[in-house]
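Residue numbers (full-length UniProt numbering): 1 to 309. Glycine residues also receive a C-beta, built at the ideal position from the N, C-alpha and C atoms. Being a predicted model, the structure only gives us computed values, none of them experimental. Worksheet: the structure to be examined is printed underneath.
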């Protein structure tokens, strides 16, 4: 029996359908004005950071998240960073700057957020651009995290016994995989152990030969590990599913170029509000809900939003 959702009909590709050959290639196309307006003519109106600290009752510890976001007209592009990693002047550098200038900024998170804002501006998450909206119910941050995790894992197409490399440890995602009987390898630069006592590996590329599919955070864009993961998936035909607050408008561009599916979550993120929300799914397997579920779900777990590699 399948341990997770089988693939459904493919979603229509995003507008300007030719997939880029690399992340740098995508940036070059934007700078050349091939995907929309000349980025030199577009300016970031607002730059801001969102910092979060969480500690749930009954948990052994907590976590922190920080996200850089850039507002371009109606669009907001984002890149998560390690708390405290941004220089004090980064936000000031961005406010009022043109997008082209920020695409060549010395700080990677600024470049990623600027690219995300531009692509969100020219190809927002709409059905016309290949996105299928998926509602998140109102609830606590934990309840919404678990609902998001289910929506993400439904994009995987793995058979019984196949192993998923999870790049960016998010407890709700691990819980959902466990409830479906899907073996996984948890990977995060921070190392340590999962809530279930499993060791967390720290070098994703060293684990690629041990897995049958990869489930990775958009934060891999910010730490430079996305391209090696994408190239591996493309070369060997391995499934690569991305869950993205960082670069939610960037990653759908790589569908068919190593990326199999994307769960895109633009700002504002689920953890900012207790009301209903929406995420956007691209690629096969969306929302079918098929698959064998072995065992019982674990108790409620909190999770970080997007963990690092």
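Backbone CA spacing between residue i and residue j [nearest angstrom]
i           : j           : result
residue 248 : residue 208 : 24 Å
residue 216 : residue 107 : 22 Å
residue 262 : residue 128 : 16 Å
residue 190 : residue 202 : 7 Å
residue 19  : residue 272 : 32 Å
residue 198 : residue 36  : 46 Å
residue 227 : residue 237 : 15 Å
residue 80  : residue 219 : 6 Å
residue 159 : residue 101 : 46 Å
Chain-order list of residues whose beta-carbon lies under 6 Å from that of residue i (same chain, five-residue window excluded)
i           : result
residue 277 : 136, 270
residue 99  : 39, 42, 114, 118
residue 51  : 66
residue 221 : 112, 246, 247
residue 267 : 69, 76, 78
residue 47  : 70, 91, 94, 95
Own chain, CB closer than 7 Å to residue i, minus 5 neighbours either side, in chain order
i           : result
residue 211 : 163, 164, 165, 185
residue 304 : Low local confidence applies: a pLDDT of 38 at residue 304 is under 50, so the model's placement there is unreliable, and no value is given.
residue 133 : 278, 280
residue 147 : 136, 137
residue 258 : 230, 231, 233, 234, 240
First through last residue of the alpha helix (DSSP H) which encompasses residue i
i           : result
residue 109 : 108–122
residue 176 : 171–179
residue 158 : Where residue 158 is concerned, there is no enclosing alpha helix (DSSP H), given that its DSSP letter is neither H nor E.
DSSP state of residue i mapped onto helix, strand, coil
i           : result
residue 277 : strand
residue 269 : coil
residue 227 : helix
residue 79  : strand
residue 187 : strand
residue 232 : helix
residue 64  : strand
residue 252 : helix
residue 19  : coil
residue 205 : helix
Enclosing beta strand (DSSP E) for residue i [first to last residue]
i           : result
residue 129 : No beta strand (DSSP E) contains residue 129, which DSSP labels as neither H nor E.
Those residues which DSSP pairs with residue i across a bridge
i           : result
residue 243 : 217, 263
residue 98  : 43
Cβ-based neighbour list, residue i, same chain, cut-off 8 Å, excluding 5 preceding and 5 following
i           : result
residue 139 : 147, 274
residue 194 : 169, 171, 174, 186, 200
residue 265 : 148, 243, 244, 245, 248, 279, 280
residue 86  : 49, 66, 68, 107, 109
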